[in-house]
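Per our numbering, the very first residue in the sequence shown carries number 2; after that it's consecutive. The beta carbon of each residue, even a glycine, is placed where N, CA and C say it ideally should be.
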Amino acid sequence: MPRTPSLATVLPNEFVPIRRIGRYACYAFTLAALGFLGADVVFFVLDLFTGLIENSLGRIFAIMWDDLLTLVRDVVKAFALLVALGVFLSQFETGTA
């Protein structure tokens with residue numbers, strides 16, 4: 002029997018088991034994937050309107066609409082990554098079980 006104490010007994014409130022890290026990493030990966038998939042589905046539908054806008058409002062407005070969609074899509078994906086990072090890092094808060 003080893004005489005050195007384990008990390009869990011020395012720092013009981015600071016110890017995060019490997020299984021918990023893996024579980025929260027899976028949660029974060031799932032949230033990021035769902036955010037990316039949701040953004041792509043919504044913006045695919047909105048992208049269908051680009052052709053209608055080009056026919057009715059002109060080419061210049063369609064280019065601006067496409068640029069706006071690209072910007073919003075990137076912002077939504079960045080937000081999904083930030084939420085996933087927050088979920089992953091929340092496991093390291095002290096005082097949580």
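On a CA-only basis, which of the options is nearest residue i? Give me that one, please.
i   : options            : result
D67 : V77, Q92, I54, G36 : I54
V43 : L70, I22, R60      : L70
L38 : G59, G87, F89, A79 : A79
F89 : R20, C27, I19, P18 : C27
My guess is that residue i and residue j are in contact by the Cβ rule of under 8 Å, so how many angstroms apart are they, rounded?
i   : j   : result
A81 : L32 : 7 Å
Please find out if some non-hydrogen atom of the ligand MG comes closer than 8 Å to the beta-carbon of residue i.
i   : result
L35 : For the ligand MG, the structure offers nothing, since it holds no ligand at all.
Excluding the five sequence neighbours on either side, which residues of its own chain have a C-beta within less than 6 Å of the C-beta of residue i, listed in chain order?
i   : result
G36 : A81
V77 : A40
A85 : A29, L32, A33
Might you give, ordered along the chain, the residues of its own chain that have their beta carbon closer than 8 Å to the beta carbon of residue i, omitting 5 neighbours on each side?
i   : result
V73 : F44
Measuring only between beta-carbons, confirm whether residue i sits less than 9 Å from chain C.
i   : result
G36 : Within the model displayed, chain C is absent; a lone protein chain is all it includes.
Looking at C-beta atoms only, is the number of pairs between the segment 45-53 and the segment 86-94 that lie closer than 8 Å three or more?
Under the three-pair Cβ rule at 8 Å, the segment 45-53 does not count as touching the segment 86-94.
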